[in-house]
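For reference, the structure is listed below as structure tokens.
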Amino acid sequence: MISLSKQSIASREKKIFSKVLQSGKITRGKYIEEFEKKVCKYTKSKYAVAVNSASSALFLAYSVFLKKNDIVWTSPVTFISTISGAIHLGSKIDFVDIGKDFNIDPLILQAKLKKTKRQKLPSVVTTVHLRGVPADQDKIAILSKKYNFKVIEDASHSFGASYKNQNVGSCKWSDMTILSFHPSKSITTGEGGMILTNNLFYYRKLLLLRNNGIIKNVKQPWKYKYFSIGHNFWMNEIQAALGISQLNKLNTLISKRKKISKYYDSKLNQTSYFVNSQYVNKSNSYHLYLLKCKNKQTKSRFMEYLKKRGIETTTHYISLHLQPFFKSYKLNKKLLKNSETYTNHYFSIPIYPDLKKKKQDYIIKCILNFK
Ligand SMILES: Cc1ncc(COP(=O)(O)O)c(C=O)c1O
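Residue numbers (this note's numbering): 215 to 585.
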């Protein structure tokens with residue numbers, strides 16, 4: 215089976231594990247701090263908090279902003295953890311339909327905000343950079359000021375991409391940005407995630423929440439105090455050391471993904487399956503490569519056909535409003551038509567930095583032979 219995604223770990227990176235093990239400190243040490251500093255340098259954000267997954271990172275971000283019964287809006291075309299943290303915290307949630315780039319459409323968001331009663335306005339809007347294509351963060355930032363909500367960027371797919379010449383993670387137009395280091399993502403630490411912010415108050419709160427709500431007196435560490443109820447969401451030192459090494463390769467890894475994406479484009483751009491991945495002012499991290507089908511039946515037949523030929527595919531993602539869990543939310547399906555169309559027509563094929571040319575050619579051949 216040619217898998218949809220795969221980590222890219224060089225043999226020399228395997229030495230990192232023994233180096234950390236030999237250092238004697240395998241958690242809460244210098245590698246975490248170094249990794250956080252280096253991601254700040256790359257993204258030009260002020261503060262970073264490394265955690266054990268993007269799901270935990272999102273949960274912590276929501277914990278800083280939300281009280282029970284607050285409202286969060288996001289795109290429904292996403293993985294469940296974009297919103298599950300808010301649900302755990304007792305928030306009400308609603309979805310905003312996607313636009314042409316498959317991210318939250320700022321015009322649809324604006325129209326929804328305009329016709330929503332004041333007491334039903336969101337406290338947080340979370341954008342998702344689906345495929346690695348950043349959302350229109352500057353436009354959403356303008357709306358956040360007008361309607362007084364916080365903005366979280368779920369950039370799980372888009373580390374290494376940029377928007378209007380700002381690297382994703384800069385938080386120029388948002389309150390916090392979330393990265394994922396799952397093996398399918400731009401860089402990996404096995405499992406892992408990070409929260410970036412430019413706000414010192416949020417940063418201190420995030421540190422506290424990551425560390426079970428404890429602050430230690432540096433000079434007299436036995437005088438520890440609980441200031442909050444938090445979690446143990448730490449990334450460990452082995453993961454952080456791998457993260458540092460992976461970060462050094464980030465641009466190369468994105469270039470490799472780009473090359474594959476361009477090669478697919480060159481062979482498929484004359485077919486009806488072709489999906490654009492280039493947008494003005496947005497550089498892509500090429501996390502996913504999408505194909506489009508004329509209807510639900512063709513999509514299902516196409517995915518079965520590729521499976522029989524050993525090619526993994528999936529829908530990134532089945533719109534959340536169509537999932538059984540959200541049935542009781544009684545969401546207005548008519549307002550989420552683009553997300554439903556996306557679910558029924560689009561699917562992803564394999565793309566990862568070390569996907570060999572021979573496999574790319576095989577995938578292309580199978581696609582072109584589909585009837
Ligand atoms: C958009 C999005 N957000 C959040 C996550 C959760 O990431 P993690 O696996 O690091 O918890 C994923 C994982 O695939 C994702 O695709």
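We put the beta carbon where it would ideally sit given N, CA and C, even for glycine.
Span separating the alpha-carbon of residue i from that of residue j
i, j, result
"residue 366", "residue 341", "6 Å"
"residue 493", "residue 321", "17 Å"
"residue 306", "residue 238", "45 Å"
"residue 392", "residue 576", "35 Å"
"residue 568", "residue 470", "8 Å"
"residue 345", "residue 506", "14 Å"
"residue 385", "residue 578", "38 Å"
"residue 272", "residue 585", "42 Å"
"residue 564", "residue 292", "18 Å"
"residue 434", "residue 428", "14 Å"
"residue 258", "residue 511", "45 Å"
"residue 558", "residue 509", "7 Å"
"residue 382", "residue 553", "24 Å"
"residue 265", "residue 407", "5 Å"
"residue 269", "residue 294", "9 Å"
"residue 323", "residue 288", "10 Å"
"residue 571", "residue 504", "18 Å"
"residue 230", "residue 409", "24 Å"
"residue 499", "residue 465", "9 Å"
"residue 329", "residue 351", "21 Å"
"residue 516", "residue 282", "44 Å"
"residue 525", "residue 472", "20 Å"
"residue 424", "residue 448", "6 Å"
"residue 370", "residue 398", "10 Å"
"residue 297", "residue 335", "17 Å"
"residue 459", "residue 219", "20 Å"
"residue 443", "residue 518", "47 Å"
"residue 250", "residue 457", "9 Å"
Cross-strand partners of residue i (DSSP beta bridge)
i, result
"residue 374", "None, per the DSSP bridge assignment."
"residue 493", "496"
"residue 268", "Bridge partners of residue 268: none, in fact."
"residue 562", "504, 528"
"residue 262", "410"
"residue 367", "341, 391"
"residue 241", "450"
"residue 665", "Nothing can be reported for residue 665: it is not among the residues displayed for the chain, which extend from 215 to 585."
"residue 246", "Residue 246 is not bridged to any residue."
Residue i and residue j closer than 8 Å at C-beta
i, j, result
"residue 527", "residue 536", "no"
"residue 376", "residue 497", "yes"
"residue 394", "residue 467", "no"
"residue 284", "residue 337", "yes"
"residue 364", "residue 372", "no"
"residue 426", "residue 396", "no"
"residue 529", "residue 561", "yes"
Among the options, nearest to residue i - alpha-carbon criterion
i, options, result
"residue 215", "399, 258, 508, 522", "522"
"residue 417", "276, 581, 456, 401", "276"
"residue 389", "566, 241, 279", "279"
"residue 343", "314, 328, 360", "314"
"residue 244", "509, 304, 455", "455"
"residue 580", "353, 474, 481", "481"
"residue 325", "361, 316, 300", "361"
"residue 548", "487, 309, 404", "309"
"residue 412", "246, 354, 228, 263", "263"
"residue 255", "352, 380, 286, 235", "380"
"residue 419", "226, 217, 261", "261"
"residue 422", "274, 232, 220", "274"
"residue 235", "534, 450, 405, 538", "450"
"residue 462", "217, 220, 224, 219", "224"
"residue 356", "387, 331, 477", "387"
C-beta neighbour in chain D for residue i, strict 8 Å
i, result
"residue 513", "In summary, chain D is missing from the structure at hand, where a single protein chain is found."
Ranges of the alpha helix (DSSP H) found wholly within the stretch 377–441, counting only runs of at least 4: 414–424
Complete runs of the beta strand (DSSP E) confined to the stretch 290–338 [at least 3 residues]: Entirely contained in the stretch 290–338, the beta strand (DSSP E) runs reaching 3 residues are, in chain order, 306–309.
Residue ranges of each alpha helix (DSSP H) within the stretch 502–555, 4 or longer: List check, alpha helix (DSSP H) in window: 510–522.
Inside the stretch 449–483 only - alpha helix (DSSP H) runs reaching at least 4 residues: 451–462, 464–482
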